[in-house]
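Going down the list, the protein sequences come from chains A and B. Going by the working numbering, the first residue of the first sequence is number 5, and it counts up by one from there. Going by the working numbering, the first residue of the second sequence is number 15, and it counts up by one from there. Cβ coordinates follow ideal geometry from the N, Cα and C atoms, glycine included.
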Amino acid sequence: NAGVTQTPKFRILKIGQSMTLQCAQDMNHNYMYWYRQDPGMGLKLIYYSVGAGITDKGEVPNGYNVSRSTTEDFPLRLELAAPSQTSVYFCASRRQGRSEKLFFGSGTQLSVL
Amino acid sequence: AQKVTQAQTEISVVEKEDVTLDCVYETRDTTYYLFWYKQPPSGELVFLIRRNSFDEQNEISGRYSWNFQKSTSSFNFTITASQVVDSAVYFCALSEYSGGGADGLTFGKGTHLIIQP
């Protein structure tokens, strides 16, 4: 099993550009998450999904969009990139149940210049 | 209100010293789950331990131990005889059972642990 796979690993965007961060998991997990990590700030939840076709906002959703058309994939879309979106982005998934641990992807380092 | 507080931003010790990382949490739920994750310099997030609110037994795994105390809302992590490979950022996280808000773990800001040779 590959676990949670994120692409790309690194990306530089210009202000106003758009891009999609890809996330796929092969563990048949219904629950998937996008977090962003800023230096010294821990991880903050952007969006999450409890199954195909169902998504919901986390703590910091502004400037992002998500979709969940399949159980495996949970892409994160940045529209009109801004310098404030410079961060490391982590995708994660878990089995059903709030006691379940999160499995994380290796992260995407995004710079908006 | 911050739900998970890791007051120690950075700790630096010399190899073989013992070190304790503090975690204080806040929740109204009677059922909840606490986690510790490690983020080494390579950047990935590695799961270390999970504890539920009903189990206050301390846990020991090799050089690692965890002290969960509901009375003080704390879930502290101790590394005994630290090694350079323990250098990383350590995150404490909370999952609330009823979770009136968003699903997912709430993370502390992390403690950067530096083990000097």
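* Asked: Can the beta-carbon of Leu82 of chain A be found closer than 7 Å to that of Met23 of chain A?
  -> yes
* Residue environment, Gln71 of chain B, which counts as buried when at least 16 other CB atoms sit within 10 Å -> exposed
* Tell me, please, whether the CB atom of Lys13 of chain A is closer than 7 Å to any CB atom in chain B? => Residue-level contact by beta carbon fails for Lys13 of chain A and chain B, as no gap is shorter than 7 Å.
* Asked: From the beta carbon of Arg102 of chain A, is the nearest beta carbon of chain B less than 7 Å away?
  -> yes
* To do: Check distances from the C-beta atoms of the segment 56-90 of chain B to those of chain A and list, in chain order, the residues that come in under 7 Å.
  => Those would be Gly57, Glu58, Leu59, Phe61, Arg64, Asn66, in chain order.
* Can you tell me which of A:Ile16, A:Lys48, A:Asp42 puts its alpha carbon nearest to the alpha carbon of Ala96 of chain A? => A:Lys48
* Asked: What does a CB cutoff of less than 7 Å around Arg98 of chain A pick up in its chain, not counting 5 residues either side in sequence?
  -> His33, Tyr35, Glu104, Lys105, Leu106, Phe107.
* Is Asp77 of chain A closer than 7 Å to Ala28 of chain A when the C-beta atoms are compared? -> Against a cut-off of 7 Å, the Cβ pair of Asp77 of chain A and Ala28 of chain A comes out as a contact.
* Can you find a C-beta in chain B that's less than 7 Å from the C-beta of Leu49 of chain A? -> yes
* Asked: Grouping DSSP H, G and I as helix and E and B as strand, with all else coil, what is Gln26 of chain A?
  -> strand
* **Same chain only: Cβ atoms within 6 Å of Ser67 of chain B, ignoring 5 sequence neighbours per side** => Sequence-distant Cβ neighbours of Ser67 of chain B in its own chain, meaning closer than 6 Å and more than five residues away, are Thr45, Tyr46.
* Asked: Is there a Cβ from chain A that is less than 7 Å from the Cβ of Lys123 of chain B?
  -> yes
* Quick one: what's got a C-beta closer than 6 Å to Val60 of chain B's C-beta in the same chain, skipping five residues either side? -> Lys52
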